[in-house]
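Written below as structure tokens is the structure these notes are about.
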Ligand SMILES: Cc1cc2nc3c(=O)[nH]c(=O)nc-3n(C[C@H](O)[C@H](O)[C@H](O)COP(=O)(O)OP(=O)(O)OC[C@H]3O[C@@H](n4cnc5c(N)ncnc54)[C@H](O)[C@@H]3O)c2cc1C
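In structure tokens:
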């Protein structure tokens, strides 16, 4: 391999940082260009006065061996913290009451969360026949077909609110939940599909991945990746505008601290979000302009600190998800100080309330005081929270999470076609390879190997 090959990585979120790291370890020179003043993208941790606030993601579940290996490679084993065993409990709201979510099929039949009719419907699903649908369907239609409306309203919709901040009537089953889509094709029943997957996991000796973070929060991971880069390899305040072919190489044009700059690279790895891709001038055109249509509803993550005595609820779980049919202001609330140690000062509790998303985008841009005024009655009704918080931090994401809605396949095809017609340019990241943090890390590691293979 020619060690002088240099690769531009566009975007300094977890995808770009993982790609840059793997490219460096494979022996390539790397320049990472990040538009904002900081690296990490959606991952941002703040530590203030004994509170540890996650602005974006709060935890992750590395199901991919590549990602767990990366944590070991970075020497982060000692920094990792597993979620408290109590966080296994998940709560849902029905009829204004907080009820523990059933975590297994037998628990479902004993749960008072669902009616007898809904339970029968679940039982009947086990006998569903294999099916090849002629076209993708919304998650709402798919779940209604398999499990009925009650499971959709009181289990799947709130879960989707918690993951995508999305709308099941718009989300694509094929792209947002590919394993369910596959289960229907191979097993018929999605429940039998889940059982078969668990069996295979057990046979292969794989344990379900733990939910984790780091002692000093999730920002530990982007910081560890950045620390492995050589001096000057990471350029912040550097917004990429264009890629122009120069023989077999690519000239990257960017604006750095207001000054236009450019440099020619042997290959380009893009870890840009959809909006950056849509605006990118590529060989004189904008072949990815259509990606501007990928919806990214706004979300506000409102971190609230209380004295423990203000919160009568045991907070013995991950948090509460709120079904839209319950008509409350929040998508859900995480029990942050239960989840991981060191999130709140002694004698205090930390809650993280999520508002906005596809179903209530108007709530997310509101000031903290207004959001608090809306969610305080919910917190009082559901958890018994008394009085104002002693600490508040609002983190607003105007474009939080890309929605893999019906028609998302056209965007994936545009990315694949652009890669084919522009050899030496590679796309990775949350709009293509999954929205969860570990999926993005894996996407970055894999795109690095693809670029390496192309160059060698
Ligand atoms: C509020 C919230 C909560 C979440 N919760 C969880 C969770 O609990 N668990 C989980 O697993 N996942 C969660 N996620 C999802 C996960 O955090 C993200 O999908 C993932 O971090 C995205 O990584 P990325 O590198 O692909 O994109 P990003 O983090 O968006 O990074 C892209 C980077 O590209 C830069 N950029 C944009 N345009 C340009 C340009 N033209 N030139 C140069 N740079 C540019 C941006 O500034 C940014 O830094 C959450 C996300 C949000 C927003």
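Residue numbers (this note's numbering): 150 to 605. C-beta atoms are modelled at their ideal positions from N, C-alpha and C, and glycine is treated no differently. None of the values given here were measured: they were computed from a predicted structure.
| task | Give me the Cα-Cα distance between residue 513 and residue 351, rounded to the nearest whole angstrom. | result | 42 Å
| 9 Å Cβ cutoff met for residue 258 and residue 268 | yes
| Between the stretch 318–327 and the stretch 549–556, do three or more beta carbon pairs fall short of 8 Å? | yes
| message | Can you confirm whether the stretch 405–419 touches the stretch 368–381 when touching is taken to mean that 3 or more C-beta pairs between the two stretches lie within less than 8 Å? | response | no
| message | Please report the straight-line C-alpha distance between residue 316 and residue 298, rounded to a whole angstrom. | response | 15 Å
| Contact between the stretch 523–530 and the stretch 473–480: three or more CB pairs below 8 Å? | yes
| request: May I ask which residues mark the beginning and end of the beta strand (DSSP E) holding residue 505? | output: Note, residue 505: beta strand (DSSP E), 497–505.
| Apart from the five residues on each side of it in sequence, which residues of its chain come closer than 7 Å, Cβ to Cβ, to residue 600? | 156, 172, 416, 418, 575
| Burial state of residue 527 (16 or more Cβ within 10 Å) | Residue 527 is buried by the Cβ-count criterion.
| task | Answer yes or no: the CB of residue 411 versus the heavy atoms of ligand 2, is any distance below 8 Å? | result | This structure lacks ligand 2; the ligands present are ligand 1.
| query | Between the Cα of residue 178 and the Cα atoms of 339, 381, 349, 496, which residue gives the shortest distance? | reply | Measuring from the Cα of residue 178, the nearest candidate turns out to be 381.
| request: Give me the Cα-Cα distance between residue 401 and residue 181, rounded to the nearest whole angstrom. | output: 11 Å
| field | Entirely enclosed beta strand (DSSP E) segments - the stretch 358–383, minimum 3 residues | value | Entirely contained in the stretch 358–383, the beta strand (DSSP E) runs reaching 3 residues are, in chain order, 361–363.
| said: Strictly by DSSP, which residues pair up with residue 320? | reply: 554
| request: Pick out whichever of 542, 228, 602 has its Cα sitting closest to the Cα of residue 373. | output: It is 228.
| request: Report the option in 582, 505, 516, 484 whose CA atom is closest to the CA atom of residue 235. | output: 484
| said: Let me confirm a value: residue 441 is counted as buried when at least 16 other C-beta atoms fall within 10 Å, else exposed. Which label applies? | reply: Flag for residue 441 reads exposed.
| query | For residue 218, does the count of other Cβ atoms within 10 angstroms reach 16, so buried, or fall short, so exposed? | reply | So residue 218 counts as exposed.
| Near residue 583, what residues of its chain come up, given a Cβ to Cβ distance below 6 Å and the 5 sequence neighbours on each side ignored? | none
| Between residue 562 and the rest of its own chain, which residues show a CB-CB distance below 8 Å, the 5 nearest in sequence each way excluded? | none
| Does ligand 1 have a heavy atom nearer than 8 Å to the CB of residue 554? | no
| alpha helix (DSSP H) runs contained entirely in the stretch 196–242, provided each spans 4 or more residues | 214–222
| message | The alpha helix (DSSP H) that contains residue 598, what's its start and end? | response | 586–604
| request: Starting from residue 417, follow the beta strand (DSSP E) in both directions and report where the run begins and ends. | output: 416–419
| query | Apart from the five residues on each side of it in sequence, which residues of its chain come closer than 7 Å, Cβ to Cβ, to residue 534? | reply | For residue 534, where only same-chain residues beyond five positions count, the Cβ hits under 7 Å are 455, 459, 460, 528.
| request: Please state whether DSSP places residue 301 in a helix, a strand or coil. | output: helix
| query | Which partner residues of residue 409 appear in the DSSP bridge assignment? | reply | 404, per the DSSP bridge assignment.
| query | How many whole angstroms separate the CB atoms of residue 446 and residue 536, which I take to be in contact at a CB cut-off of 8 Å? | reply | Between residue 536 and residue 446 the Cβ distance is about 31 Å, and since that is not below 8 Å, they are no contact.
| query | Leaving out five residues before and five after residue 368 in sequence, what residues of the same chain have Cβ atoms less than 7 Å from its Cβ? | reply | 189, 192, 193, 194
| Going by beta carbon distance, what residues of the same chain come within less than 6 Å of residue 394, once the five residues before and after it are set aside? | 432
| request: Give the secondary structure of residue 465 by DSSP, where H, G and I count as helix, E and B as strand, and everything else as coil. | output: coil
| message | Is the beta carbon of residue 261 closer than 9 Å to that of residue 250? | response | When the beta-carbon positions are compared, residue 250 and residue 261 stay at least 9 Å from each other.
| Whole-Å CB distance - residue 263 paired with residue 303, under 8 Å assumed | Distance from residue 263 to residue 303 at the Cβ level is roughly 7 Å; contact confirmed, criterion being Cβ atoms closer than 8 Å.
| Do the stretch 356–368 and the stretch 194–206 make contact, defined as three or more Cβ pairs closer than 8 Å? | Enough Cβ pairs lie closer than 8 Å, so yes.
| message | I'd like the list of long-range same chain contacts for residue 306, defined as Cβ closer than 7 Å, with 5 residues on each side in sequence excluded. | response | 317, 472, 473
| Can you tell me the Cα-Cα spacing of residue 566 and residue 490, whole angstroms? | 46 Å
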